[in-house]
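> Below: one structure in structure tokens.
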Amino acid sequence: MIDVLPDGRLLLDYGPVSMLITSSKNGIMQSTIGPKCHQVVENCLQDIHRDLPVLTQKSPAVDPRLLTPCGAAMLESIFCTDMADLTPMAAVAGTIADCVADTFATDSDQVIVNNGGDIALRLAPGQNVTLDISAALSAASPFQSCRIAAEDAIGGIATSGLGGRSFTKGIADSVTVFADCCRTADAIATYLANSTHIESPNVLSIRAELLDPDSDIAGDLITFQVNDLSEAEIQTATDQLLYRCQILSQKQSFKMIACIQSHYICFPDVLT
335 MIDVLPDGRL
345 LLDYGPVSML
355 ITSSKNGIMQ
365 STIGPKCHQV
375 VENCLQDIHR
385 DLPVLTQKSP
395 AVDPRLLTPC
405 GAAMLESIFC
415 TDMADLTPMA
425 AVAGTIADCV
435 ADTFATDSDQ
445 VIVNNGGDIA
455 LRLAPGQNVT
465 LDISAALSAA
475 SPFQSCRIAA
485 EDAIGGIATS
495 GLGGRSFTKG
505 IADSVTVFAD
515 CCRTADAIAT
525 YLANSTHIES
535 PNVLSIRAEL
545 LDPDSDIAGD
555 LITFQVNDLS
565 EAEIQTATDQ
575 LLYRCQILSQ
585 KQSFKMIACI
595 QSHYICFPDV
605 LT
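Residues 335 to 606 (the numbering used here) make up the sequence shown, in order.
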């Protein structure tokens with residue numbers, strides 16, 4: 335189903351995808367692109383369904399030659415992380431957002447595709463947008479507004495953490511990553527959020543399949559509940575997060591804002 339909102343944005347609900355699309359040219363909203371958006375999403379979902387037996391394997395076991403272009407893009411996006419910890423499904427939402435954004439980028443000044451909180455951006459030279467970042471995936475109000483310009487070369491923003499649509503192995507309320515494309519941001523955010531895992535009586539973990547029998551990480555422990563943590567525990571999680579940021583930054587350019595129980599962490603600096 336596709337609805338045109340009063341401001342010209344498109345709301346697309348199709349299968350597991352709930353997507354808000356903004357596309358404008360010379361300040362005029364392009365509200366007639368709905369059918370094409372629907373077709374792009376449908377094609378992506380068909381590719382993912384075809385590749386699903388492979389995409390749900392831990393990445394070192396995946397043969398790229400077995401994948402459709404969509405599936406191969408998902409796999410490529412996690413090459414900058416510790417692949418043993420992720421399946422290509424870690425980048426599924428970001429990949430679909432990128433596919434839609436890329437379809438309209440050449441004919442638009444601004445394209446913003448929000449796929450359940452993972453955002454693909456395509457900005458023409460001279461364009462900029464301001465986006466709000468929440469301290470937690472369950473939070474109603476943002477803790478920072480970020481102005482992003484075309485020259486920043488940010489094509490994707492993704493958030494992972496407690497309370498999100500996907501499972502996390504860590505204790506961060508949110509880890510938001512800004513990268514060159516949404517699928518890369520999606521994979522890095524998932525990985526960095528996982529890196530905040532700590533052993534503590536205040537953290538309850540359970541097997542992923544107990545919450546979702548079809549989970550791609552069945553057999554892995556995921557975080558189910560986090561109670562109040564000590565300052566030392568928060569510092570341990572923060573140190574682990576920043577260490578992984580340092581390692582990943584040697585392979586991939588990105589920025590990160592995270593929140594762990596009202597403690598805010600940035601790498602390498604704050605977007606303004």
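For each residue, glycine too, the CB sits at the ideal point set by N, CA and C. Fair warning: this is a prediction, and the values are worked out from it, not measured in the lab.
What residues in its chain sit with their C-beta under 7 Å from that of Val426, if we drop five residues either side in the sequence?
Closer than 7 Å at the Cβ level, and outside the excluded window around Val426, lie Ile382 and Met408.
> Have a look at Glu567 and His531 and give me their C-alpha separation to the nearest angstrom.
So the two alpha carbons sit approximately 10 Å from each other.
> The beta strand (DSSP E) that contains Arg627, what's its start and end?
Residue 627 is absent from the structure shown; the chain starts at 335 and stops at 606.
> When DSSP labels each residue in this structure, what does His383 get in the three-state scheme?
Three-state result, His383: helix.
> Give the secondary structure of Val426 by DSSP, where H, G and I count as helix, E and B as strand, and everything else as coil.
If DSSP states are grouped into helix, strand and coil, Val426 belongs with the helices.
> Can you tell which of Val511, Asn448 and Thr502 has the C-alpha that lies nearest to the C-alpha of Leu344?
The option with the nearest alpha carbon to Leu344 is Asn448.
> Looking at the structure shown, is Ala470 part of a helix, part of a strand, or coil, going by DSSP?
Three-state result, Ala470: coil.
> Any idea what DSSP makes of Arg517, helix, strand or coil?
Residue state, collapsed to three classes: helix.
> Can you find a C-beta in chain C that's less than 9 Å from the C-beta of Pro387?
Of the chains in the structure shown, none is chain C; there is only one protein chain.
> Cα-Cα, which of Val375, Ser564 and Gln364 is closest to Asp441?
Looking at the Cα atoms, Gln364 is the closest of the given residues.
> Who are Met590's beta bridge partners in DSSP?
Per DSSP, Val511 and Phe601.
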